[in-house]
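**Student:**
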Amino acid sequence: MSKEYETVIGLEVHVELATKTKIFCGCSTEFGGRPNSHTCPVCTGMPGSLPVLNRKVLEYAVAVGLATNCEITRYCKFDRKNYFYPDNPQNYQISQLYLPICRNGYVEVEGAEGVKKVGIHEIHMEEDAGKLIHDEWEDCTLVDYNRSGVPLIEIVSEPDMGSAEEVIAYLEKLRLIIQYLGASDCKLQEGSMRADVNLSVRQAGAKEFGTRTEMKNLNSFRAIARAIEGERNRQIDLLEEGGCVVQETRRWDDAKETSYAMRSKEDAQDYRYFPDPDLAPVSISDGFLDEIRARQPEFRTDKIKRYREEFDIPDYDIEIITGSKHMADIFEQTAAICGQPKKVSNWLMGETLRLLKENELDPEDIRFSPQNLAKLIALTESRAINSTVAKEVFEVMFREDMDPEKYVEEKGLKTVSDEGALRRTIEEVIAANPQSVQDYRNGKDRALGFLVGQTMKAMKGKADPAGVNRILKELLP
71 MSKEYETVIG LEVHVELATK TKIFCGCSTE FGGRPNSHTC PVCTGMPGSL PVLNRKVLEY
131 AVAVGLATNC EITRYCKFDR KNYFYPDNPQ NYQISQLYLP ICRNGYVEVE GAEGVKKVGI
191 HEIHMEEDAG KLIHDEWEDC TLVDYNRSGV PLIEIVSEPD MGSAEEVIAY LEKLRLIIQY
251 LGASDCKLQE GSMRADVNLS VRQAGAKEFG TRTEMKNLNS FRAIARAIEG ERNRQIDLLE
311 EGGCVVQETR RWDDAKETSY AMRSKEDAQD YRYFPDPDLA PVSISDGFLD EIRARQPEFR
371 TDKIKRYREE FDIPDYDIEI ITGSKHMADI FEQTAAICGQ PKKVSNWLMG ETLRLLKENE
431 LDPEDIRFSP QNLAKLIALT ESRAINSTVA KEVFEVMFRE DMDPEKYVEE KGLKTVSDEG
491 ALRRTIEEVI AANPQSVQDY RNGKDRALGF LVGQTMKAMK GKADPAGVNR ILKELLP
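In our numbering, each residue's number is its place in the sequence shown (first place is 1) plus 70.
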């Protein structure tokens with residue numbers, strides 16, 4: 071079956087931009103808040119209210135366009151997309167159909183057959199709708215307009231992808247570019263990055279596209295991969311049975327691993343687009359473009375290359391660290407403070423990743439500062455604390471970002487540097503464990519480890535294990 075058919079996939083990716091205010095008014099975009107508290111006459115569609123474009127939205131859109139090799143439309147306009155739904159207060163959405171801000175771009179992704187270009191048809195700016203809350207207890211639907219007017223860019227790809235793997239690689243590449251720009255946190259689970267999948271199948275080698283469907287409600291890479299596989303199989307089964315695929319919008323239910331039809335798929339004419347009469351056209355100058363270009367960051371590909379030249383850390387570490395802009399920033403800033411990039415990498419790759427996984431957090435959720443991580447590294451390198459204490463301190467720092475120097479001082483966690491006191495404790499441990507002493511003298515190395523452990527326990531963890539080892543070997547010839 072897989073040999074007879076090939077899959078053709080294009081994506082529409084909506085990205086919520088990280089502005090403080092909405093796209094056409096001064097209301098807050100902060101997530102949460104009491105329902106309908108982040109609203110005004112503009113974003114609730116009151117008659118006579120006039121929208122004004124947020125300059126930061128334009129800057130982010132152009133920055134993403136430049137980073138994805140797009141042509142920037144120097145003279146662009148906004149259009150009204152007319153549809154009627156309770157979460158859409160104006161009964162139209164302000165978007166861009168005729169002159170989108172960015173066109174004809176691409177990103178390169180690593181596929182099974184090497185590097186592949188995925189074309190970007192366009193990127194346009196638009197406003198988000200409100201949110202409907204269905205109250206089954208009261209048998210009614212409520213609407214919250216806090217999200218109405220939150221700025222979005224929609225990135226429309228060409229139908230250049232043929233598998234779930236390519237789709238995920240494309241989304242990962244887009245997400246990293248946008249995160250590196252600081253244009254959005256791109257958290258799928260919170261809705262700040264949303265992907266709709268347009269998918270069709272055709273017989274292998276055919277030139278014509280099959281009839282496509284659009285899949286919505288995809289809020290994780292796992293759900294996207296499963297939805298692609300499920301819809302591909304559904305369409306192939308239909309064609310094999312002699313049926314035909316209907317162009318429609320479908321909703322994916324990840325729990326049931328199935329999709330169901332929502333509505334017939336609309337075309338542009340169904341929305342009766344026309345230029346928005348309340349918004350002036352946007353004319354982009356050479357100076358504005360130069361300003362945005364000058365602010366573009368060092369992206370991941372260049373960062374990987376520089377890390378290999380500048381830092382003596384493994385390629386695997388580099389891949390993981392640069393996979394998050396926030397983690398890369400912490401790495402670079404901490405390494406600059408303490409001058410020990412390998413030690414910084416070890417803490418990020420070891421304890422940080424472990425705690426992120428245990429707490430189901432993303433690297434973007436890391437709260438500790440580079441200054442405090444550098445202090446912790448200095449404490450361990452100077453042997454002011456041992457590695458066991460360091461891990462305990464790090465766990466607290468991971469949660470609360472406290473100053474490790476003050477914490478170690480307040481909690482009395484410094485390594486005991488009085489060798490006389492340490493020697494006396496070791497002598498007591500030797501006297502209390504004659505069997506282990508005999509085992510060690512008979513060549514059982516594990517017995518030494520036991521004696522080290524007993525000494526650390528007696529010292530309440532505040533001894534240097536290397537020093538304990540050295541003194542034990544002196545006292546046990």
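Glycine included, every Cβ here is placed at the ideal spot set by N, Cα and C.
Opposite R150 in the DSSP bridges: which residues?
**Tutor:** I164, F344.
**Student:** Check whether the Cβ atoms of D198 and H84 sit closer than 9 Å, and answer yes or no.
**Tutor:** Against a cut-off of 9 Å, the Cβ pair of H84 and D198 comes out as a contact.
**Student:** Would DSSP call D266 helix, strand or coil?
**Tutor:** Strand.
**Student:** Sorted by chain position, which residues of the same chain lie with C-beta nearer than 8 Å to G261's C-beta, five sequence neighbours on each side aside?
**Tutor:** Cβ neighbours of G261 beyond the five flanking positions: E86, N289.
**Student:** I'd like the list of long-range same chain contacts for Y510, defined as Cβ closer than 8 Å, with 5 residues on each side in sequence excluded.
**Tutor:** A517, L518, L521, L546.
**Student:** Going by the DSSP bridge assignment, what does L222 pair with across the sheet?
**Tutor:** Note: L222 sits in a beta bridge opposite E86, E196.
**Student:** Would T525 and V507 qualify as a contact pair, given that the criterion is a beta-carbon distance under 9 Å?
**Tutor:** Cβ atoms of T525 and V507: not closer than 9 Å.
**Student:** Between the segment 150-164 and the segment 122-140, can you find at least three pairs of beta-carbon atoms closer than 8 Å?
**Tutor:** Judged by Cβ distances under 8 Å, the segment 122-140 makes no contact with the segment 150-164, as fewer than three pairs qualify.
**Student:** Would you identify the three-state DSSP class for N503, choosing helix, strand or coil?
**Tutor:** Of the three classes helix, strand and coil, the one that applies to N503 here is coil, per DSSP.
**Student:** Whether or not the segment 167-175 and the segment 188-196 are in contact is what I'm after, with contact meaning three or more pairs of Cβ atoms, one per stretch, closer than 8 Å; do they touch?
**Tutor:** Yes, the segment 188-196 is in contact with the segment 167-175.
**Student:** From A133 to R363, what distance separates their C-alpha atoms?
**Tutor:** Each residue's Cα considered, the two are about 7 Å apart.
**Student:** Tell me whether N289 sits in a helix, a strand or coil according to DSSP, three-state version.
**Tutor:** In the structure shown, N289 sits in coil (DSSP, three-state: anything other than H, G, I, E or B).
**Student:** Taking the alpha-carbon positions, what's the C314 to K326 distance?
**Tutor:** Their backbone Cα atoms lie some 24 Å apart in a straight line.
**Student:** By Cβ distance, which residues of its chain are closer than 7 Å to V122, with the 5 residues on each side in sequence left out?
**Tutor:** Hits under 7 Å: F94.
**Student:** In chain order, which alpha helix (DSSP H) runs of at least 4 residues are fully inside the segment 308-333?
**Tutor:** You should have found no qualifying run.
**Student:** Checking the sheet assignment: what are the DSSP bridge partners for T77?
**Tutor:** Its beta-bridge partners are V271.
**Student:** Rounded to whole angstroms, what is the Cα-Cα separation between S119 and C210?
**Tutor:** About 29 Å.
**Student:** Considering only the alpha carbon of each residue, which of R370, S334, S233, K445 lies closest to I407?
**Tutor:** Out of R370, S334, S233, K445, K445 has the C-alpha closest to the C-alpha of I407.
**Student:** Suppose you measure from the CA of A297 to the CA of Q317; what does that come to, to the nearest Å?
**Tutor:** About 16 Å.
**Student:** Quick one: is V185 buried, meaning 16 or more other Cβ sit within 10 Å of its Cβ, or exposed?
**Tutor:** Exposed.
**Student:** Kindly list the residues whose CB is nearer than 6 Å to the CB of R144, restricted to its own chain and excluding five residues on each side of it in sequence; keep chain order.
**Tutor:** Counting only Cβ-Cβ distances below 6 Å, and skipping sequence neighbours, we find I354.
**Student:** Do you know offhand how far E498's Cα is from R370's?
**Tutor:** Taking the straight line from one Cα to the other gives about 56 Å.
**Student:** Should M529 be labelled buried (16 or more other beta-carbon atoms within 10 Å of its own) or exposed?
**Tutor:** Per the 10 Å Cβ criterion, buried.
**Student:** Identify which residue in T392, P367, Q366, R365 has its Cα closest to the Cα of Y377.
**Tutor:** It is T392.
**Student:** Here's the rule: buried if 16 or more other CB atoms are within 10 angstroms of the residue's CB, otherwise exposed. What is N268?
**Tutor:** When all chains shown are included, N268 counts as buried.
**Student:** Comparing alpha-carbon positions, which option in G115, E224, F464, S98 lies nearest N124?
**Tutor:** The candidate whose alpha carbon is nearest that of N124 is S98.
**Student:** Would you kindly check if the distance between the Cβ of V188 and the Cβ of Y250 is under 9 Å?
**Tutor:** No, these two residues do not count as a Cβ contact at 9 Å.
**Student:** Once you ignore the five residues that flank Y343 on each side, which residues in its own chain have a CB closer than 7 Å to its CB?
**Tutor:** Once the five neighbours on either side are set aside, the close Cβ partners of Y343 are D149, R150, K151, L167.
**Student:** Quick check on the DSSP output: the beta strand (DSSP E) that includes Y176 runs from which residue to which?
**Tutor:** Segment 172-181, the beta strand (DSSP E) holding Y176.
**Student:** Where S72 and D307 are concerned, what is the direct C-alpha to C-alpha distance, given to the nearest angstrom?
**Tutor:** With a pLDDT of only 44 at S72, under the threshold of 50, the placement of this residue in the model should not be trusted; the figure read from the coordinates follows. About 11 Å.
**Student:** Between which residues of its own chain and A182 is the CB-CB distance below 6 Å, once the five residues before and five after are set aside?
**Tutor:** Answer for A182: no residue qualifies.
**Student:** If we count the other Cβ atoms within 10 Å of its Cβ and call it buried at 16 or more, is I383 buried or exposed?
**Tutor:** It is buried - the Cβ of I383 has at least 16 other Cβ atoms within 10 Å.
**Student:** When the Cα atoms are used, what is the spatial distance from A398 to I225?
**Tutor:** Distance between the alpha carbons of A398 and I225 is about 26 Å.
**Student:** Taking C-alpha atoms, which residue in K147, C110, W207, S218 lies nearest to D157?
**Tutor:** Ranking K147, C110, W207, S218 by Cα distance to D157 puts S218 first.
**Student:** How many angstroms separate the CA atom of D346 from the CA atom of G175?
**Tutor:** Cα-Cα distance, rounded: 26 Å.
**Student:** In whole angstroms, give me the CA-to-CA distance for R584 and L244.
**Tutor:** Nothing can be reported for residue 584, as the shown portion of the chain is limited to 71 through 547.
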